[in-house]
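Okay, so here's the structure we're looking at.
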Amino acid sequence: MQKLSLTLARLSLSAWIGAAALFVVTSVSEQISTEYGSDVKNVLAALRFPWYYVFGFVLVGTGLLGSVIGLSGSHNRRRCLLIVVTLGLALVLMIGDYCFVYSPLHEIVTRPDGVRDARFKEIHDWSEWINTVDVGLCLIAAIAVCGVERRSDADQKL
Numbered sequence: 724m725q726k727l728s729l730t731l732a733r734l735s736l737s738a739w740i741g742a743a744a745l746f747v748v749t750s751v752s753e754q755i756s757t758e759y760g761s762d763v764k765n766v767l768a769a770l771r772f773p774w775y776y777v778f779g780f781v782l783v784g785t786g787l788l789g790s791v792i793g794l795s796g797s798h799n800r801r802r803c804l805l806i807v808v809t810l811g812l813a814l815v816l817m818i819g820d821y822c823f824v825y826s827p828l829h830e831i832v833t834r835p836d837g838v839r840d841a842r843f844k845e846i847h848d849w850s851e852w853i854n855t856v857d858v859g860l861c862l863i864a865a866i867a868v869c870g871v872e873r874r875s876d877a878d879q880k881l
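Numbering (the working numbering), first residue to last: 724 to 881.
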């Protein structure tokens, strides 16, 4: 069960880093494109962002749970603590971002008149910073969970 959980943690965290990177690249490409009007850009953002959060919560949550179970017998408590704390912080940031940043942004981009008000830039800047920190924390945890654990002297004699 521990090996399966650790494999699942590694897979889900790596998948989240890749998914978040792909999301950013495609979203920025759409937003800077001159081929779309602001109404289409708003619709694309409104369609895409809910899936970003669904995937983020599922994959980071799975990574946290898999890490806790998979590393429960680990001799390296620092590594376990690093992974659990960084993923716990990442999830708390994601929840805060969803409630206090994404929700107001979603309201702005789904307005019937399609106008982005003065708050949009400020809230969007917050979103960029929070998501950068969040994905950075997940990357730290992914690197730590994918690292090879050194065996203790007792394990090497077996």
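All C-beta atoms in this analysis are idealised placements derived from N, C-alpha and C, irrespective of residue type, glycine included. For clarity, every value in this text was computed on a predicted model and none was experimentally measured.
Mind checking residue i: buried by the 16 CB within 10 Å criterion, or exposed?
i: Leu787; result: buried
i: Val777; result: exposed
i: Ile831; result: buried
i: Cys822; result: exposed
i: Ser790; result: buried
i: Val748; result: exposed
i: Ala744; result: exposed
i: Asp848; result: exposed
i: Val824; result: buried
i: Leu770; result: exposed
Nearest to residue i by CA position, among the options, is which residue?
i: Leu736; options: Ile806, Leu816, Arg771; result: Ile806
i: Ile866; options: Tyr825, Tyr775, Cys803; result: Cys803
i: Ile792; options: Ala732, Gly859, Glu851; result: Ala732
i: Thr785; options: Ala864, Val871, Gly870; result: Ala864
i: His829; options: Leu860, Leu794, Leu729, Trp774; result: Trp774
i: Asp857; options: Leu729, Gly870, Val815; result: Val815
i: Thr855; options: Gly870, Phe746, Leu729, Ser728; result: Phe746
i: Leu727; options: Ser752, Leu794, Glu758, Pro835; result: Leu794
For residue i, which residues from the same chain have a beta carbon less than 6 Å from its beta carbon, with the 5 sequence-adjacent residues on both sides left out?
i: Leu782; result: Ser735, Ala738, Trp739
i: Ala742; result: Phe778
Sorted by chain position, which residues of the same chain lie with C-beta nearer than 8 Å to residue i's C-beta, five sequence neighbours on each side aside?
i: Gly796; result: Gln725
i: Thr809; result: Leu860, Cys861, Ile863, Ala864, Ala867
I want to see whether chain D comes within less than 7 Å of residue i, judged by CB atoms only; does it?
i: Ser756; result: In the structure shown, chain D does not exist; there is a single protein chain.
Taking 7 Å as the limit between beta carbons, can you name the residues of its chain near residue i, skipping five residues before and five after?
i: Gln754; result: Lys764
Q: Would you list, in sequence order, the uninterrupted alpha helix (DSSP H) runs of no fewer than 4 residues that lie entirely inside the segment 755-821?
A: Secondary structure within the segment 755-821: the alpha helix (DSSP H) runs of 4 or more consecutive residues, fully enclosed, are 761-793, 800-820 (chain order).
Q | Cβ contact (3+ pairs, closer than 8 Å) linking the segment 752-772 and the segment 835-842 | A | Segments in contact, yes.
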